[in-house]
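Student: Sharing a structure here in structure tokens format.
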Amino acid sequence: MFEFKLPDLGEGIAEGEILKWYAEEGGRIEEDEPLMDVETDKAAVTIPSPRGGKIAALKGKVGDIINVGDVVVVIDDGSAEAAVVEETVAEKTFAQPDAPAPAPVPEAVAPAAMPGVRRPVPAAPATRRLARELKIDINLVTPTGPGGRVVPEDVHRFADHGAAAPAAAAVGAAEHVPAKKVADDTAFAEFAAHASATIPFLELEPMPDFSTDGPVEVEALRSIRRKVARKMVTSMSLIPHVAHMDDADVTELDKFRIREKERRTGGAGGKLTLLAFVIKAITAGLKATPAFNASLDPFREEIIYKKYYNIGFAADTGRGLVVPVVKGTNNKSIIQIADDIFDKATLARDGKLPPEDMRGGTFTITNVGPLGGTALLPTINYPEVAILGMGKVQEKPVVRNGEIVIRKILPLTLAFDHRIADGADAARFVAELVRQLSDPNLLLLET
Amino acid sequence: MVMGSLREETQVVVIGSGPGGYVAALRLADLGKDVLIVEKRERPGGTCLLEGCIPSKTLIHAVEIQESARKAEQFGLTFKGMEVDPAKLRAWTDEVVDGLSSGIKGLLKRRGVTVIQGHARFESSTSLSIEGGEVSGIDFEQAIIATGSSLNHLPEGIVSSVWSSADALRLPRVPGSLLVVGGGYIGLEMGLVYQGLGSETSVVEFFPRLLMGADFDLVDIMVEQVSGRLHEIMLDSKVKSIAETGGDAANGFDVEIETGGKIVGKHYDQVLVAIGRRPNTDDIGLEKIKADTDDKGFIITDESCRTGDTNIYAIGDAAVGPMLAHKATREGKVAAEAIYGGEVAFDNRAIPAVVFTDPEIAWTGLTEREAEEQGIKVNIGRFPLAALGRARTLGRTDGLVKIIADPAGGLVLGVGIVGPMASELIAEGTLAVEMGATLEDIMVTIHPHPTLSEAIMEAAEVAAGEAIHINPPRKVR
């Protein structure tokens, strides 16, 4: 028997939702044959079977959330004992060399606290003993000490409020608060008290029972939806957003784009979109105004200017929002960018975009225009510092040289982080963008 | 009384009286338990006291005084006619060991802990048979296995006249030339002792580096210092054969070493094989109880040091974990308190490792290499002893303190030290990791001036980007 545990999917992903099983209990599977699809916060991935054999048990059904390290499938591969892929902790941590030479060096084996992981949570020995005496798993206690350290007061608070439902009140420092876990009354009270203590006037109450007013349908907040929720709350809480709006006259650019697109149908550039031109123009703008291609580290009080240009674009996948990233846009032609956009958007729609194509962005564009909209206020893709929103391109009467003419107008909104840039910077940045989009020749000359 | 006919009864029996066993017994006695110790050897102390830590550090200290005296010449202090008297040094080492062993005996006696001599084997989960003493068996309620470890058997084909580390510690003689097989901590410590006593000492190591377990930057500084004292350091090399010259160890040994891609024949007056150790768990009747071992024979325990058998605990070298006396001692206390019924666990975050080379190397908690291997992002502050006043006054600038911290909250995850007194200095680092201290905690703690301990504060400042006594490297992000 072979127990297969959900492997580390990288990117700090700790769990995933089972989307699909390719195998069924009692059936046979070959090594490297697809075993299951798992959707994580970042993407859907197909996991191949590490062994061939008969499927003795599938440990979960479609829709279940499984953690990295959980046994997901038991495969009867002919071996007698249940062998687990991962070494036991004892073997891993305390391996002793037994060869005569070289002599063993004492390993400084410390299950040290790890940043992010925080298992075991840092705490002084006396605090750890206190938790043991109160029969509390100290790893579940919310730390308030410096460096994420659990202090005795934290343990006492947990004992007073969380004892009724110790598992439910688990709110680790680096962990998010799953709504499900605070639905419990006691745990909710603790969470609400904690949150209210930090924000004046904040009043958190459990959701009313809407079903008393009419029929409802309840769906678990999962996967991409939950990831977006976290991202947006983080962005809106940490970044003072300011929006700057303007209109770009894309009449000439659109003529040029349609002509070139038709000429290239079926080949490179056959998918030439307005977005590709905007990405090119934005890249030039970011070079001129590095503040919008930066990140602000509030803990170190530093601004990190990025010398690379990776532009993300928001894609509506049907399963939720995904932001594929076009990398190195400063070194790519508009045609290459257009092809990249098409390829990545296709993968994203199919849920097949690899995580590496969703990370490393330095600036994001959200283009809801094709769906409509004359003005929008986008939320910055934290930890980036600016996002460009593109509205619907519409023919509008505008005044040119004292006459009313019909032109194609693209409404633009730049939302930016006021901590590292000011209104004037944004005005200049957007004005320059508007100027470049007004004439395709300028893009050729200046980017 | 007829030899071997007596059966004893006790609440708790501790098998072994090393740094784990005797401490567990004393703690149990203080908690009001009726305790017996079974010890195979004639006196208490275990490997650590009788053929390990204590005798080796006694010898190392003697040699270091000599080395310091030599180095003192640079500041105008010349010692003439310095001589080593191996017989006297051997006697002194014995005196140190005897004194400590009697001390343990006294402690046990005053706390009412009886020591029974003999080899204990489990008969069941509540009884032991004893071989080789007056008592033939013990019925107990709970037991602690603290049987320690033994030197691995010599690999096949190696003549028994080569020394093990235990042989070398007995200081049988000072050979003219000595080959140390194994560049780990035992090999290096013993090699430097014999070099100091007058042997022309060489080291052969299978791996491309000495002290493979430690961070390279620490080892490099140590190697730079000791390489002048050693005749030859052969890395990436393998001993192919060891034979007594002319079939008699008195003539020395002919050794074939595969080094630098070819096999060379060398002659040494003595060869020391710094061999590994194995747990003493194969002849204690483990099959009669429900304790499991891992594939190397170490007994598997839970965090209160309890084996699969609820009445029986295992600590020290016999149990899973690094074979270090201080780990055994802590486990001894944990097991004793668990038996008493306390809420206790071996949940230590850091077990310091110390190498008594000259300079010493010590580390605790997370090492830089572990952080790299496990993909843990860390912030590292390094402070060279060359920038420290006290190190200058000692004429010892051959050292470095580094602190490994969590870049987010400044939590101290590990400390590594190379330099004089690293073995003492590491204690602060271990306390920091154990307490969950942050860099700031160390930085604002006043460290006495002028001392080597200031280097830890300085390293914390470097990690936090607030170094006073060195120019911080430009931050590259």
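Protein sequence lines, in the order shown, are assigned to chains S and Z. All the letters of the first sequence, read from the start, carry residue numbers 2 to 448 under the working numbering. All the letters of the second sequence, read from the start, carry residue numbers 895 to 1371 under the working numbering. Cβ atoms here follow ideal geometry from the backbone N, Cα and C, with glycine treated the same way.
Kindly say whether residue 133/S, judged by its beta-carbon, lies nearer than 8 Å to any beta-carbon of chain Z.
Tutor: Yes, residue 133/S lies at the interface with chain Z (some Cβ there is under 8 Å from its Cβ).
Student: I'd like the list of long-range same chain contacts for residue 925/Z, defined as Cβ closer than 6 Å, with 5 residues on each side in sequence excluded.
Tutor: For residue 925/Z, where only same-chain residues beyond five positions count, the Cβ hits under 6 Å are 1234.
Student: Please list, in chain order, the residues of the stretch 140 to 151 of chain S that have any C-beta partner in chain Z closer than 8 Å.
Tutor: If the cut-off is 8 Å between Cβ atoms, the stretch 140 to 151 of chain S has 146, 147, 148, 149, 150 and 151 near chain Z.
Student: Please report the residue range of the alpha helix (DSSP H) in which residue 62/S lies.
Tutor: Careful: residue 62/S lies outside any alpha helix (DSSP H) and carries neither H nor E.
Student: Can you look up residue 1123/Z in the DSSP assignment and give me helix, strand or coil?
Tutor: Of the three classes helix, strand and coil, the one that applies to residue 1123/Z here is coil, per DSSP.
Student: Have a look at residue 395/S and residue 337/S and give me their C-alpha separation to the nearest angstrom.
Tutor: Each residue's Cα considered, the two are about 27 Å apart.
Student: Alpha carbon to alpha carbon, what distance is there between residue 1196/Z and residue 913/Z?
Tutor: If I take the Cα positions, the gap works out to 20 Å.
Student: For residue 270/S, count neighbouring C-beta atoms within 10 Å of its own C-beta (all shown protein chains included) and say buried if the count is 16 or more, exposed if not.
Tutor: Residue 270/S is buried by the Cβ-count criterion.
Student: Pull up the distance between the alpha-carbon of residue 911/Z and that of residue 973/Z, whole angstroms please.
Tutor: When rounded, the distance between both Cα atoms is 42 Å.
Student: State yes or no: is the C-beta of residue 63/S within less than 8 Å of the C-beta of residue 36/S?
Tutor: Contact flag unset, no.
Student: Excluding the 5 residues flanking residue 217/S on each side, which residues of the same chain have their C-beta closer than 8 Å to its C-beta?
Tutor: Cβ within range, chain order: 211.
Student: Name the DSSP beta bridge partners of residue 1329/Z, please?
Tutor: Note: residue 1329/Z sits in no beta bridge, so no partner.
Student: Check this for me: beta carbons of residue 1312/Z and residue 1115/Z, under 8 Å apart or not?
Tutor: In contact: residue 1312/Z and residue 1115/Z (Cβ atoms closer than 8 Å).
Student: From this set, 1329/Z, 1360/Z and 1337/Z, which residue's C-alpha is nearest residue 121/S's C-alpha?
Tutor: That would be 1329/Z, whose Cα lies nearest to the Cα of residue 121/S.
Student: Going straight from the alpha carbon of residue 1295/Z to that of residue 346/S, what length do you get?
Tutor: Their Cα atoms are separated by approximately 51 Å.
Student: Ignoring anything shorter than 3 residues or poking outside the stretch 1068 to 1116 of chain Z, list the beta strand (DSSP E) runs there in chain order.
Tutor: Listed in chain order, they are 1071 to 1075 and 1094 to 1098.
Student: Which residue comes first and which comes last in the alpha helix (DSSP H) that contains residue 986/Z?
Tutor: Residue 986/Z -> alpha helix (DSSP H) spans 980 to 1004.
Student: Can we say the stretch 424 to 444 of chain S touches the stretch 395 to 405 of chain S, given the rule of at least three CB pairs closer than 8 Å?
Tutor: Because the criterion of three Cβ pairs below 8 Å is not met, the stretch 424 to 444 of chain S and the stretch 395 to 405 of chain S do not touch.
Student: Could you round the C-beta distance between residue 157/S and residue 191/S to whole angstroms and report it? I think they count as a contact, below 8 Å.
Tutor: Actually they do not touch by this definition, with Cβ atoms about 13 Å apart.
Student: Could you tell me whether the stretch 1221 to 1229 of chain Z touches the stretch 1275 to 1290 of chain Z, where touching means 3 or more Cβ pairs closer than 8 Å?
Tutor: Cβ pair count under 8 Å is below three, so no.
Student: Of all the CB atoms in chain S, is at least one closer than 8 Å to the CB of residue 1304/Z?
Tutor: Answer yes: the Cβ-Cβ gap between residue 1304/Z and chain S drops below 8 Å somewhere.
Student: Apply the 10 Å Cβ neighbour rule to residue 311/S and answer buried if 16 or more other Cβ atoms are within range, or exposed otherwise.
Tutor: The residue is buried, with at least 16 neighbouring Cβ atoms inside 10 Å.
Student: Between the stretch 1237 to 1250 of chain Z and chain S, which residues of the former have a C-beta closer than 9 Å to a C-beta of the latter?
Tutor: For the stretch 1237 to 1250 of chain Z, which is checked against every Cβ of chain S, the residues closer than 9 Å are 1237, 1238, 1239, 1241, 1242, 1243, 1244, 1245, 1246, 1247, 1248 and 1249.
Student: For residue 246/S, collect the residues of the same chain with a Cβ closer than 6 Å to its Cβ; drop the 5 residues on either side in sequence, then sort them by chain order.
Tutor: 414.
Student: Would residue 71/S pass as a contact of residue 54/S if the rule is Cβ separation under 8 Å?
Tutor: No. Outside cutoff.
Student: Would you kindly report the start and end of the unbroken alpha helix (DSSP H) that includes residue 1233/Z?
Tutor: Start and end: 1219 to 1234.
Student: Assign residue 949/Z to one of three DSSP states: helix, strand, or coil.
Tutor: Three-state DSSP puts residue 949/Z in a helix.
Student: Assuming residue 1174/Z and residue 996/Z form a contact by the criterion Cβ under 8 Å, report the distance between their Cβ atoms to the nearest whole angstrom.
Tutor: Actually they do not touch by this definition, with Cβ atoms about 24 Å apart.
Student: If distances are taken between C-alpha atoms only, which option among 380/S, 388/S and 41/S comes closest to residue 519/S?
Tutor: The requested residue 519/S is not part of the displayed model; chain S covers only 2 to 448.
Student: Check whether the Cβ atoms of residue 349/S and residue 316/S lie closer than 8 Å to each other.
Tutor: Against a cut-off of 8 Å, the Cβ pair of residue 316/S and residue 349/S comes out as a contact.
Student: Who are the near neighbours of residue 902/Z in its chain, counting only those whose CB is closer than 6 Å to its CB and skipping five residues on each side?
Tutor: 1029 and 1032.
Student: So the candidates are 243/S, 418/S and 323/S; which of them puts its Cα closest to the Cα of residue 40/S?
Tutor: Selected option, being the one with the closest Cα: 323/S.
Student: Using a Cβ-Cβ distance cut-off of 8 Å, determine whether residue 1114/Z contacts chain S.
Tutor: No, because no Cβ of chain S sits closer than 8 Å to the Cβ of residue 1114/Z.
Student: Of the residues 219/S, 188/S and 200/S, which one's Cα is nearest the Cα of residue 207/S?
Tutor: If we check each option's Cα against that of residue 207/S, 188/S comes out closest.
Student: Which word fits residue 154/S, buried or exposed, when buried means at least 16 other C-beta atoms lie within 10 angstroms of its C-beta?
Tutor: Residue 154/S comes out exposed.
Student: Kindly indicate which three-state DSSP category residue 1205/Z falls into: helix, strand or coil?
Tutor: Note: residue 1205/Z maps to coil in three-state DSSP.
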